[in-house]
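A short write-up of the structure that comes next.
Residue numbers (the working numbering), protein chains in the order written: chain A, 3 to 240; chain B, 683 to 954.
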């Protein structure tokens, strides 16, 4: 039995490929840990790019805010956010991590408002770079630390961004984009098909879906080295 | 060469009400907080704030009533404290106009201003609802016919930028992440630069490649140690978690908030 934060970062790390360029932006502790973990496990040549301008940084300690200049440590260059957006725009960014307060069946995200745009019930932070990155990065992995019917919805209040979503990692399962819609790819071992169906606001097929492989001893040991203070938990507190 | 060094009070007095003000730094890092506090002390009104990703700086200007328009891609305290309380409440109550951007559209808007053109096209954006609600226009590539989002230039009246080191001519060195400060400095009509410490113009001339903010574009330079506090300043200090926690707690009701503003900003004099 592994806790949600651990299962999620390991599932996210497994999706990353050796040699590709992966980026995370603001408010992204889980992607930060997942990228560093993948580098330590199966993807030593993964290029880690973050919003501070760090390229292949190896931070001495992990910050709770992912714009922290600590995420530059060990970088040989400052590749600024504007440079990163340009790289995505010209088709040279392989994988981006983005999130949404609401996510729909088509993998579209809402980071702007709950309720009407003009008179919102809740004003959300905004999508940061997602409206530019999601359609231009070769693929995007979405993650969200909450999996319930308010998060995975039939109808978004607002489409902040839509584009090349490949996977969505949640505390309960991994979705894969297939035939233009999110399909359940695997269910985390501590959850169940019933729970995923109940907590998802759009219809999903769960018959015959395998469990996400349990974290291995090697993965857990590497995670302990990468994130000994379990900074990733900060995402579950808000 | 004439020194541009002055006091924070004099520098900020030059910012008119209704100005478009760009803020350097990003979320909780190297934001020009001392200059922001002085804007509040001088009771500026109806400022338009421009920032890719803001946190405390934008939130406290909203809470103090200094702004009614915010152009930004993201406003929040990240996973540390979550939503920006004053900003979200003001937006929900219709007291501020949220001019929501993708960070890239804001960067593009400043690039257009820096280049002296009215707009620039960018990739992406077209399938976002922001196109409609924010009235972003499209443009057709005259060569291929491809449709692209066209981002209108934003020319800030003033950029407030905090750096680790500057000389009295306004040449500023940024250590660590630059964020959008270099671009902002080229897009804005004027720059007010605050710095942790003054270095000699001989020193900046010795290694000009370390100068990110060109002094010739700077109107005023003010020495303000801890000028980014409560945000971080790379190599010198981290963000002040206790201060920010007290700020967030004070946002729970208006009385606490007004007292907090008085004790921490209005009742204090500028440190420089």
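Each residue gets a CB set at the ideal place from its N, CA and C atoms; glycine is no exception.
Residue 719/B: member of the alpha helix (DSSP H) spanning 715–723, first to last residue. Relative to the Cα of residue 167/A, the nearest Cα in the group 211/A, 108/A, 199/A and 153/A belongs to 108/A. With respect to residue 133/A, residue 810/B sits close: the two C-beta atoms are nearer than 8 Å. The criterion of a C-beta distance shorter than 8 Å is satisfied by residue 50/A and residue 59/A. Within the segment 748–774 of chain B, contact with chain A at the beta-carbon level (separation under 9 Å) is assigned to 754, 755, 756, 757, 758, 759, 760, 761, 762, 763, 764, 765, 766, 769, 770, 771, 772, 773 and 774. In this structure, the CA atom of residue 153/A is about 26 Å from the CA atom of residue 217/A.
Using a C-beta cut-off of 8 Å, the segment 943–953 of chain B makes no contact with the segment 872–886 of chain B, since fewer than three inter-stretch Cβ pairs fall below that distance. Identification of residues in the segment 159–170 of chain A having a C-beta nearer than 9 Å to some C-beta of chain B yields 160, 161, 162, 163, 164 and 165, given in sequence order.
With fewer than 16 neighbouring CB atoms inside 10 Å of its own CB, residue 825/B falls in the exposed class. As the crow flies, the alpha-carbon of residue 762/B is around 33 Å from that of residue 92/A. Exclusion of the five residues before and after residue 21/A leaves 47 as the residues of its chain whose Cβ lies within less than 6 Å of its Cβ. Chain A has no Cβ within less than 8 Å of the Cβ of residue 933/B.
Going by DSSP, residue 812/B is part of the alpha helix (DSSP H) stretching over 812–815.
One alpha carbon belongs to residue 863/B, the other to residue 902/B, and they sit about 16 Å apart.
Residue 700/B and residue 715/B have their C-alpha atoms roughly 19 Å apart. Counting only unbroken stretches of 4 or more residues, the alpha helix (DSSP H) elements lying wholly within the segment 718–760 of chain B are 738–745, in sequence order. For residue 236/A, same chain residues with a beta-carbon under 7 Å away, outside a window of 5 residues either side, are 31 and 66 in chain order. Less than 8 Å divides the Cβ of residue 743/B from the Cβ of residue 718/B. Scanning 193/A, 86/A, 197/A and 117/A for the CA closest to the CA of residue 23/A turns up 86/A. Following the DSSP letters along the chain, one finds residue 180/A in no alpha helix (DSSP H) but inside the beta strand (DSSP E) bounded by residues 175–180. Flagged as an interface residue toward chain A: residue 805/B, by a C-beta distance shorter than 8 Å. Below the 7 Å Cβ cutoff, chain B contributes 859 and 860 as neighbours of residue 80/A, in chain order. At a cut-off of 4 residues, the continuous stretches assigned as alpha helix (DSSP H) that sit fully inside the segment 854–913 of chain B are 863–869 and 883–888. Contacts with chain B at 8 Å (Cβ-Cβ) do not include residue 35/A. Within the segment 76–158 of chain A, the beta strand (DSSP E) runs of at least 3 residues that lie entirely inside it are, in chain order, 97–100, 115–117, 122–125 and 141–145. Residue 933/B sits away from residue 800/B, with the two beta carbons spaced by 8 Å or more. With a cutoff of 8 Å on beta-carbon distance, residue 751/B and residue 730/B are scored as near each other. Residue 165/A and residue 135/A have their alpha carbons spaced roughly 8 Å apart. Put simply, the CB of residue 132/A is near chain B, with a gap under 8 Å to one of its CB atoms.
Residue 954/B and residue 690/B do touch by the CB rule: their CB atoms are close to 5 Å apart, below 8 Å. With a threshold of 8 Å between beta carbons, residue 119/A makes contact with chain B. Under the Cβ criterion of 8 Å, residue 735/B is counted among the residues facing chain A. Taking each of 694/B, 703/B, 896/B and 886/B in turn and checking the Cα distance to residue 754/B, the smallest one comes out for 703/B. Burial state of residue 840/B is buried, judged by a 10 Å Cβ sphere holding 16 or more other Cβ atoms. Annotated three-state conformation of residue 790/B is helix, per DSSP. In this chain, residue 183/A is not harboured by any alpha helix (DSSP H); it is covered by the beta strand (DSSP E) spanning 183–189.
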